[in-house]
Amino acid sequence: MDEQELKELVRAVVVKAMADQEEEAKRAELMFAKPVKSGADTALGKKAANWMGLTPALPPVLTNWNPDGTRSYYLGRTPARLGVGSAGVRPRTDTLLRFITDHAAAKDAVDSSVDQTIASSLGLVSLTSAARDRAEYLRRPDLGRRLSDESKEIVQKRGINAPQVQIVCCDGLSATALNVNLPIILPKVTDGLTKAGIRVGTPFLVNMGRVVAADEVARLTKAEVLLLFVGERPGLKTAESMGAYVTYMKVRQFNEAMRNVVSNIHSGGLPPLEAADQLVEGVLKALREKRTGVDAIGG
46 MDEQELKELV RAVVVKAMAD QEEEAKRAEL MFAKPVKSGA DTALGKKAAN
96 WMGLTPALPP VLTNWNPDGT RSYYLGRTPA RLGVGSAGVR PRTDTLLRFI
146 TDHAAAKDAV DSSVDQTIAS SLGLVSLTSA ARDRAEYLRR PDLGRRLSDE
196 SKEIVQKRGI NAPQVQIVCC DGLSATALNV NLPIILPKVT DGLTKAGIRV
246 GTPFLVNMGR VVAADEVARL TKAEVLLLFV GERPGLKTAE SMGAYVTYMK
296 VRQFNEAMRN VVSNIHSGGL PPLEAADQLV EGVLKALREK RTGVDAIGG
């Protein structure tokens with residue numbers, strides 16, 4: 046076989062391979078293509094509608110559709126990133142800068158601590174979880190669910206025995222949420238419960254604490270109801286969101302379904318003052334019915 050014959054053979058093999066690939070691509074396109082409704086199908090549908098005495102309904106015509114107006118409508122009602130557009134294949138400068146700023150705020154919220162000046166002004170007694178520092182707290186969620194031995198002693202010494210309501214605040218994953226919202230919500234909740242004749246225990250702040258750490262405080266004080274404020278996981282929408290849990294503690298066996306939760310408490314979500322009213326009502330209901338969570342649904 047000379048050089049010319051070899052070239053012809055290679056060319057034939059390449060052409061055949063390309064033809065096979067083309068055929069395979071066409072088969073795949075036909076396999077995944079959406080079925081097209083034929084004219085016969087449409088005619089059959091009209092015939093059936095006429096036989097039943099029905100007039101086929103046509104979709105409404107959008108005569109006043111305004112894309113810019115619709116976008117403005119939604120942008121005015123949500124902090125979500127809608128219609129951010131792009132500059133070529135990249136995000137716009139203002140979009141990118143806003144993203145970087147919000148991401149930095151979320152990181153700061155996770156790494157920060159509750160302002161002790163604010164805690165003192167609200168009468169909160171500071172405790173710590175079993176985590177030694179913030180880094181260990183983030184790596185070991187289990188340590189954030191337990192009080193340190195020293196904190197247990199503080200609760201036993203300074204806590205009021207057997208209160209009707211025990212208030213606990215945990216920084217959770219956003220100390221920023223507590224710094225911003227507690228000065229607004231806590232005084233109103235305490236005042237509302239006191240006016241209702243409820244015996245409220247000494248309020249505690251668990252630094253580097255998660256939800257379950259508050260349960261330990263309530264058990265040590267033998268409280269009937271636990272009211273917990275906790276910093277929620279920050280996102281790009283807000284780093285100031287706080288959650289609140291109402292839990293009836295006098296039960297034989299406890300599980301997570303026995304909690305009531307009010308979430309998304311911040312200026313751009315559920316306003317703190319409105320949340321305070323809901324929580325006072327929720328606590329009074331828990332004391333009255335002696336139950337919370339799924340057991341209280343429909344009650």
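Residue numbers (the working numbering): 46 to 344.
Backbone N, C-alpha and C fix where the C-beta goes; we use that ideal spot for every residue, glycine too.
Exercise. Sorted by chain position, which residues of the same chain lie with C-beta nearer than 7 Å to K233's C-beta, five sequence neighbours on each side aside?
Worked result: Residue mapping note: residue 233 aligns to position 188 of the sequence shown, counting from 1. These residues qualify, in order along the chain: L318 and A321.
Exercise. So is N252 buried or exposed if we call it buried at 16+ other beta carbons inside 10 Å?
Worked result: As a first step, residue 252 is located in the sequence shown; it is residue number 207 there, counting from the start. Counting the other CB atoms within 10 Å of its CB gives N252 a total of 16 or more, which places it among the buried residues.
Exercise. So which of Y119, A284 and Q49 has the shortest CA-CA distance to T146?
Worked result: To locate residue 146, count along the sequence shown from 1; it is residue 101. Taking only the C-alpha atoms, the option nearest T146 is A284.
Problem set entry | Distance, P136 Cα to P186 Cα | Here residue 186 corresponds to residue number 141 of the sequence shown, with the count starting at 1. Here residue 136 corresponds to residue number 91 of the sequence shown, with the count starting at 1. Approximately 36 Å, taken between the alpha carbons.
Exercise. Using a Cβ-Cβ cut-off of 7 Å (strictly less than) and excluding sequence neighbours within five positions of H148, which residues of its own chain qualify?
Worked result: Translated into positions along the sequence shown, residue 148 becomes position 103. So the qualifying residues of the chain are L281.
For this session: Given a cut-off of 8 Å, decide if A207 and K295 are closer than it, judged by their beta-carbon atoms.
Result: The count along the sequence shown starts at 1 and reaches residue 295 at position 250. The count along the sequence shown starts at 1 and reaches residue 207 at position 162. Against a cut-off of 8 Å, the Cβ pair of A207 and K295 comes out as no contact.
Problem set entry | Cβ shell of S157 (< 7 Å), same chain only, five flanking positions each side left out | In the sequence shown, the residue the question calls residue 157 occupies position 112. Contacts found: A220 and T221.
Problem set entry | For A176, the three-state DSSP class (helix, strand or coil) | Numbered from its first residue, the sequence shown carries residue 176 at position 131. Residue state, collapsed to three classes: coil.
Exercise. For L192, which three-state DSSP category applies?
Worked result: As a position in the sequence shown, residue 192 is number 147, starting the count at 1. Note: L192 maps to strand in three-state DSSP.
Problem set entry | Local conformation of T292 per DSSP, three classes | In the sequence shown, the residue the question calls residue 292 occupies position 247. Reduced to three states, the DSSP call for T292 is strand.
For this session: Count the other CB atoms, across all protein chains shown, that sit within 10 Å of the CB of G84; report buried if there are 16 or more and exposed otherwise.
Result: In the sequence shown, residue 84 corresponds to position 39, counting from 1. In this prediction, G84 scores a pLDDT of 46, lower than 50, which makes its location untrustworthy; the coordinate-derived value is nonetheless stated afterwards. Per the 10 Å Cβ criterion, exposed.
Exercise. Do the region 198-212 and the region 255-271 make contact, defined as three or more Cβ pairs closer than 8 Å?
Worked result: Contact holds: three or more Cβ-Cβ distances are below 8 Å.
Exercise. When the Cα atoms are used, what is the spatial distance from V210 to T138?
Worked result: Start at 1 with the first residue of the sequence shown, and residue 210 comes out as number 165. Start at 1 with the first residue of the sequence shown, and residue 138 comes out as number 93. Rounded to whole angstroms, the separation of the alpha carbons of T138 and V210 is 50 Å.
Exercise. Taking buried to mean at least 16 other C-beta atoms within 10 Å of its own C-beta, is R255 buried or exposed?
Worked result: As a position in the sequence shown, residue 255 is number 210, starting the count at 1. Burial call: buried.
Problem set entry | Three-state secondary structure assigned by DSSP to V307 | As a working mapping, residue 307 is identified with position 262 in the sequence shown. V307: strand per DSSP, three-state reduction.
Exercise. Going straight from the alpha carbon of D178 to that of G204, what length do you get?
Worked result: Here residue 178 corresponds to residue number 133 of the sequence shown, with the count starting at 1. Here residue 204 corresponds to residue number 159 of the sequence shown, with the count starting at 1. Distance between the alpha carbons of D178 and G204 is about 25 Å.
For this session: Could you tell me the boundaries of the beta strand (DSSP E) in which V134 lies?
Result: By one-based count along the sequence shown, residue 134 stands at place 89. Run containing V134: none; DSSP gives neither H nor E here.
Problem set entry | Neighbour-count burial assignment, E53, 16 or more Cβ in a 10 Å radius | Residue mapping note: residue 53 aligns to position 8 of the sequence shown, counting from 1. Flag for E53 reads exposed.
Exercise. Taking G130 as the reference, which of G121, L141, D194 and N309 has the closest Cα?
Worked result: Numbered from 1 along the sequence shown, position 85 holds the residue referred to as residue 130. Among G121, L141, D194 and N309, the Cα nearest to that of G130 is on L141.
Exercise. Between L238, F299, P124 and N309, which lies nearest to K330 when the distance is taken from Cα to Cα?
Worked result: As a working note, residue 330 is residue 285 in the sequence shown. Selected option, being the one with the closest Cα: L238.
Exercise. Quick one: what does DSSP say G84 is sitting in, helix, strand or coil?
Worked result: Along the sequence shown, read from residue 1 onward, the residue named residue 84 stands at position 39. With a pLDDT of 46 at G84, under the threshold of 50, the modelled position of that residue is not reliable, and the figure given next carries that caveat. Reduced to three states, the DSSP call for G84 is helix.
Problem set entry | Cα-Cα separation, T347 to I212 | This structure cannot speak to residue 347, because the chain is shown only from 46 to 344.
Exercise. How many angstroms separate the CA atom of V328 from the CA atom of R190?
Worked result: One-based indexing of the sequence shown puts residue 328 at position 283. One-based indexing of the sequence shown puts residue 190 at position 145. So the alpha carbons of these two residues sit roughly 23 Å apart.
For this session: For my contact list, A302 and G338 are in at a C-beta cut-off of 8 Å; report their separation, rounded to the angstrom.
Result: Looking up residue 302 in the sequence shown gives position 257. Looking up residue 338 in the sequence shown gives position 293. The Cβ separation is near 5 Å, so the contact holds.
Exercise. With DSSP run on the structure shown, which of helix, strand or coil describes A341?
Worked result: Translated into positions along the sequence shown, residue 341 becomes position 296. Secondary structure at A341: helix, using DSSP grouped into helix, strand and coil.
Problem set entry | Residues of its chain near S193, where Cβ-Cβ distance is below 8 Å and the 5 sequence neighbours each way are ignored | As a position in the sequence shown, residue 193 is number 148, starting the count at 1. So the qualifying residues of the chain are L172, T173, S174 and A175.
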